[in-house]
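Below is one structure; the comments refer to it alone.
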Amino acid sequence: MRKKIVAANWKMNLTKKEALYIYDKLEEIQLEENQEVIVFSPYVFLDALKQRQHHIKVGAQNFHPAAQGAYTGKVSINHLLDLEIECVLVGHSERRILFNESDEVIKLKIDVAVNNKLETIFCCGEPLEIREQGKHSSYVLQQMESNLFHLTPEQMKSIIIAYEPVWAIGTGKTATAQQAEEMHRFIRMSIEHRYGKATAENISILYGGSCNPGNAAELFACENIDGGLIGGASLNAEDFTKIIQAQ
Ligand code: PGA
């Protein structure tokens, strides 16, 4: 049975005190056996969060693909492994758009993460103009083909997909449950086409983009939506808890 996952993407927010407060609150939640919660924290809090030894997983929002070297200001996967970080985000639209991350870089990061056996959330999703042209499915397929589909079936076991339509991220404009389910079904079908039914059925596909306590239950009730990647609403312990409990 595939895992149900709710992940927090804190982005460049919170103080250390606030981060630890939320993380401690989450530890009080009773999770089901196949349910997982991950917190993607700014680098500077990762060590402090891990020191808590909670069962809620801790992930990093980014890393540099090189193992080490003269890259002032960067953090490598070896730094993350040293802190026993278990998950990473790759391909988030903010990194693609604001930091010009190319398909080649994303593909390379996917390889580095997967080869180091980290649970890897691969983000994909179309901008507004592509949705308006009705080309969202082929756009997302293209992202998966250029960034992900070079992996072997065995490597795909480390992958979680987050479908995040760019027009819904941080805008308060959520995809309807029907729009999201349609894309999730398409993503799963594309994986089945490339890797076969077993791989497709086992991969968790999360929805991201203005998911909140008011719309989470309807989204998570859809057959192919296995949870969410939550930005804004994960900065408040109460709201994020409600989203986890909506599963
Ligand atoms: P949002 O962000 O929930 O604030 O829309 C989601 C994300 O960027 O992962």
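When we follow this note's numbering, the leftmost residue of the sequence shown carries the number 480, and every step to the right adds one. Here a beta-carbon is modelled for each residue, glycine too, at the ideal position from N, C-alpha and C. Bear in mind the structure is a predicted one, so any value in this text is a computation, not a measurement.
> Under the three-state reduction of DSSP, which class applies to Ser-581: helix, strand or coil?
Replying inline: Counting from 1 along the sequence shown, the entry for residue 581 is found at position 102. Residue state, collapsed to three classes: coil.
> Is it buried or exposed for Leu-577, if we count other Cβ within 10 angstroms and need 16 for buried?
Replying inline: Position 98 of the sequence shown, counting from 1, holds the residue named residue 577. Around the beta carbon of Leu-577, fewer than 16 other beta carbons lie within 10 angstroms, which makes this residue exposed.
>> Is Ser-689 close to the ligand MN? I mean its beta-carbon at under 7 Å from any heavy atom of the ligand.
In response: Of the ligands this structure carries, namely the ligand PGA, none is the ligand MN.
> How many Å lie between Thr-551 and Ala-716 at the Cα?
Replying inline: In the sequence shown, residue 551 corresponds to position 72, counting from 1. In the sequence shown, residue 716 corresponds to position 237, counting from 1. Looking at the two C-alpha atoms, the distance is approximately 34 Å.
> Candidates Leu-607, Ile-517 and Asn-541: which alpha carbon is nearest Gly-706's?
Replying inline: As a position in the sequence shown, residue 706 is number 227, starting the count at 1. From the listed residues Leu-607, Ile-517 and Asn-541, the smallest Cα separation to Gly-706 is found for Ile-517.
>> Here's the rule I'm using: 16 or more other beta-carbon atoms within 10 Å means buried, otherwise exposed. How should Thr-650 be labelled?
In response: The residue labelled residue 650 in the question sits at position 171 within the sequence shown. Note on Thr-650: under 16 other CB atoms within 10 angstroms of its CB, so exposed under the neighbour-count rule.
> Where does Gly-711 sit, in a helix, a strand or coil, going by DSSP?
Replying inline: In the sequence shown, residue 711 corresponds to position 232, counting from 1. Gly-711 falls in the helix class under three-state DSSP.
> What did DSSP end up calling Ser-617 once you bin it into helix, strand or coil?
Replying inline: Within the sequence shown, residue 617 is the residue found at index 138, counting from 1. Helix, per DSSP.
> Rounded to whole angstroms, how far is the Cβ of Leu-568 from the Cβ of Asn-541, which I believe are closer than 8 Å?
Replying inline: The sequence position of residue 568 within the sequence shown is 89, counting from 1. The sequence position of residue 541 within the sequence shown is 62, counting from 1. 7 Å between Cβ atoms; contact.
>> Report the start-end ranges of each alpha helix (DSSP H) in the stretch 591–663 that is 4 residues or longer and not cut off at the edges.
In response: As far as the stretch 591–663 is concerned, its whole alpha helix (DSSP H) runs of at least 4 residues are 607–611, 615–626 and 632–635.
>> Between Arg-531, Glu-512, Glu-611 and Met-491, which has its C-alpha nearest Lys-504's C-alpha?
In response: On the sequence shown, position 25 is the one that residue 504 refers to. Nearest C-alpha to Lys-504: Arg-531.
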